[in-house]
Amino acid sequence: MNNQTKNNVYGKSTSELQPDTKALLDDENYQNIILPDELEQLKSDKKNFFVYFFSASCPHCKYTTPFLTPLTEELDVDMKQFNLLEYTPYFGKENIEYTPTLVYYENGVQADKIVGGIKEPGTDTGNTIEDYRAFFEKYKAKINAPVKDDAA
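Numbers given in the working numbering equal positions in the sequence shown, counted from 1, plus 4.
Quick look at the structure:
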């Protein structure tokens, strides 16, 4: 009998997870995981929300996430995290070309996104923590706003 319980944020036994995902299970920066069914529910409920699409094997994600997690706590923003390494069909389904990508959904539809991680030392490309701060601040007030009801 497989004694590995489904007590992690993925709801799968640890043996079913990719090695890079297993390495992040106890990382405090990767504890707000959203699963495909939850993502689909938020979209169908026409909610406003943020999703950070990452891959557990992506070095740029591993560099960026430790900056974003404290920022979301500081700004009191709920940033769901979606691991594309575990759910690769969502690259195409959500039109994600690169990881990391932070997406703002409005009424369940992608409305805006930041592609790429925080600029790393010795590189010429990337975003700043202030880019992310401005992105969160721009949409933060809409997250808890009442959902528009087209039937009204």
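Ideal placement from N, C-alpha and C gives every residue a C-beta, glycine not left out. The model shown is predicted, which means the values in this text are computed figures rather than measured ones.
Exercise for the section: Quick one: using the 10 Å Cβ neighbour count with 16 as the cut-off for buried, is V81 buried or exposed? Expected result: On the sequence shown, position 77 is the one that residue 81 refers to. By the neighbour-count rule (16 or more Cβ atoms within 10 Å), V81 is buried.
Problem - Coil, strand or helix - M5 by DSSP - result: For the purposes of this step, residue 5 is identified with residue 1 of the sequence shown, where counting begins at 1. With a pLDDT of 39 at M5, under the threshold of 50, the modelled position of that residue is not reliable, and the figure given next carries that caveat. Of the three classes helix, strand and coil, the one that applies to M5 here is coil, per DSSP.
Problem - Assigned secondary structure, Q45 (DSSP; H/G/I helix, E/B strand, else coil) - result: By 1-based counting over the sequence shown, the position of residue 45 is 41. Here Q45 sits in helix by DSSP.
Handout entry: Buried versus exposed call for A156 [16 or more other C-beta atoms within 10 Å across all chains shown]
Key = Residue 156 sits at position 152 when you count from the first residue of the sequence shown. Here the model assigns A156 a pLDDT of 42, short of 50, so the residue's position is not dependable and the matter cannot be decided.
Practice task
Would you mind giving the Cβ-Cβ distance between T73 and I122, rounded to the nearest angstrom? I have them listed as a contact below 8 Å.
Solution key: Locating residue 73 in the sequence shown gives position 69, where the first residue counts as 1. Locating residue 122 in the sequence shown gives position 118, where the first residue counts as 1. No, T73 and I122 are not in contact; Cβ-Cβ is about 12 Å, not under 8 Å.
Handout entry: Cβ neighbour criterion (16 or more within 10 Å) applied to A60
Key = Looking up residue 60 in the sequence shown gives position 56. Buried, by the Cβ-count rule.
Practice task
Can you tell me which of F58, A27, A138 and N36 puts its alpha carbon nearest to the alpha carbon of I100?
Solution key: For this step, residue 100 is matched to residue 96 along the sequence shown. Considering only F58, A27, A138 and N36, the residue with the shortest C-alpha distance to I100 is F58.
Practice task
Using beta-carbon positions only, say whether S48 and G112 come within less than 8 Å of one another.
Solution key: Along the sequence shown, read from residue 1 onward, the residue named residue 48 stands at position 44. Along the sequence shown, read from residue 1 onward, the residue named residue 112 stands at position 108. The Cβ atoms of S48 and G112 sit closer than 8 Å to each other.
Exercise for the section: Give a yes or no on whether the C-beta atoms belonging to F53 and K84 are separated by under 8 Å. Expected result: Residue mapping note: residue 53 aligns to position 49 of the sequence shown, counting from 1. Residue mapping note: residue 84 aligns to position 80 of the sequence shown, counting from 1. Yes. Within cutoff.
Handout entry: Cβ separation of H64 and P104, assumed to be a contact under 8 Å, to the nearest whole Å
Key = Within the sequence shown, residue 64 is the residue found at index 60, counting from 1. Within the sequence shown, residue 104 is the residue found at index 100, counting from 1. Indeed they touch by this definition, with Cβ atoms about 6 Å apart.
Practice task
Give the range of the beta strand (DSSP E) segment to which I147 is assigned.
Solution key: Residue 147 sits at position 143 when you count from the first residue of the sequence shown. I147 -> not in any beta strand (DSSP E); alpha helix (DSSP H) instead, spanning I133 to I147.
Handout entry: Entirely enclosed alpha helix (DSSP H) segments - the region 27-110, minimum 4 residues
Key = 40-48, 63-79 and 93-97
Handout entry: Status (buried if at least 16 other CB within 10 Å, exposed otherwise) for L79
Key = Residue 79 sits at position 75 when you count from the first residue of the sequence shown. Exposed is the call here.
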